[in-house]
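S.K.: Residue 11 in UniProt numbering sits at position 11 of the sequence shown, and the numbers go up by one each step. In this text, a Cβ means the ideal position worked out from N, Cα and C, and glycines have one as well. Sending over a structure as structure tokens; questions will come in a sec.
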Amino acid sequence: MNFLAHLHLADHCQSHLAGNLLADFVRGDPYRQYTPDVAAGIRLHRFVDGFIDSQPEVRAWRRAFPPHIRRVSGIALDMIWDHYLARHWLAFHDLPLAVFVRQAQKEVEGFGETEPEDYRQLTQRMWQQAWLIQYQQVGSIHQALERMAIRRPKLSSLAACPPFLAGHYQELEHSFFILYPRLMDASRTFWLAHKDNLLHPE
1 MNFLAHLHLA DHCQSHLAGN LLADFVRGDP YRQYTPDVAA GIRLHRFVDG
51 FIDSQPEVRA WRRAFPPHIR RVSGIALDMI WDHYLARHWL AFHDLPLAVF
101 VRQAQKEVEG FGETEPEDYR QLTQRMWQQA WLIQYQQVGS IHQALERMAI
151 RRPKLSSLAA CPPFLAGHYQ ELEHSFFILY PRLMDASRTF WLAHKDNLLH
201 PE
């Protein structure tokens, strides 16, 4: 799952939005670097990533990618899941997407702890260029993959992913509607089961 899904799941669990967004930029034990509510959000994000990667539908889709782009299939899938979430947003949240994004931006920008510079630059671009709103258009996902391929030579094969995503658009959408409610339930269950320990570590 990508930025929009992590923000949505954080909101769904009433977890720290900035912590969930920050997680990909934090290595090691988050409790040594951030306050417990932020660190708990990072832990929720890590649970989400591990859970979705373990699902049989995701594993099957990764195997379905052609060999020359299979290494980056996880990134491409994370992006297309965010597209389906944005496109069908009102099936999963009471607020319109634009309202949710404004509220999330306000909370994330109010984060008062240390931010890695690459995270700060990325989130500035994300808000300024309205990525989360643009995710409603599948062409924006394709363009984002192509931009990542240019910026990060090790991920250059991402530029070849859009034709595969386009060719399996409806089948991927069907998988999303199976996976995402399952992920929402699993995230809420994880959060409720571990919330006290996550927010009040010994």
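Whose C-alpha, out of S54, L158, D53, G41, is nearest the C-alpha of D11?
M.R.: With distances taken between Cα atoms, D11 lies closest to G41.
S.K.: Are three or more beta carbon pairs between the stretch 125 to 137 and the stretch 43 to 55 nearer than 8 Å?
M.R.: With a cut-off of 8 Å, the stretch 43 to 55 and the stretch 125 to 137 do not count as touching, because too few Cβ pairs lie within range.
S.K.: What is the DSSP secondary structure of Q128, reduced to helix, strand or coil?
M.R.: Of the three classes helix, strand and coil, the one that applies to Q128 here is helix, per DSSP.
S.K.: Does the distance from the CB of L17 to the CB of E107 come in under 7 Å?
M.R.: Closer than 7 Å, so yes.
S.K.: Return the Cβ separation of L145 and P36 in integer angstroms, given the expectation that the two are a contact with Cβ distance under 8 Å.
M.R.: About 35 Å; that fails the 8 Å criterion.
S.K.: Pop quiz: A86 and L4 are said to be a contact at Cβ under 8 Å. What is the actual Cβ separation, rounded to whole angstroms?
M.R.: Indeed they touch by this definition, with Cβ atoms about 6 Å apart.
S.K.: For L192, count neighbouring Cβ atoms within 10 angstroms of its own Cβ and tell me buried if that reaches 16, exposed if not.
M.R.: With fewer than 16 other Cβ atoms within 10 Å, it is exposed.
S.K.: With H, G and I counted as helix, E and B as strand and the rest as coil, what does DSSP make of D118?
M.R.: Looking at D118 - three-state DSSP - the assignment turns out to be helix.
S.K.: In terms of residues, what are the limits of the alpha helix (DSSP H) holding R151?
M.R.: R151 -> alpha helix (DSSP H) spans 138 to 151.
S.K.: At 4 residues or longer, what runs of the alpha helix (DSSP H) sit wholly inside the stretch 13 to 74?
M.R.: Complete alpha helix (DSSP H) runs here, min 4: 17 to 22, 36 to 54, 56 to 64.
S.K.: Could you tell me which of I69, S73, H68, P66 sits nearest to V58, measuring between CA atoms?
M.R.: The residue with the shortest Cα to Cα distance from V58 is S73.
S.K.: Between which two residues does the alpha helix (DSSP H) harbouring E173 extend?
M.R.: That run of the alpha helix (DSSP H) goes 169 to 199.
S.K.: With the cut-off set at 7 Å, would you say S187 and L9 are in Cβ contact?
M.R.: Against a cut-off of 7 Å, the Cβ pair of L9 and S187 comes out as a contact.
S.K.: What's the call for H83, buried or exposed, on a 16-neighbour Cβ count within 10 Å?
M.R.: Classification for H83: buried.
S.K.: Helix or strand or just coil, what does DSSP make of H8?
M.R.: Three-state DSSP puts H8 in a helix.
S.K.: Tell me which same chain residues have a C-beta within less than 7 Å of the C-beta of R71, skipping the five on either side of it?
M.R.: Only S157 meet the Cβ criterion.
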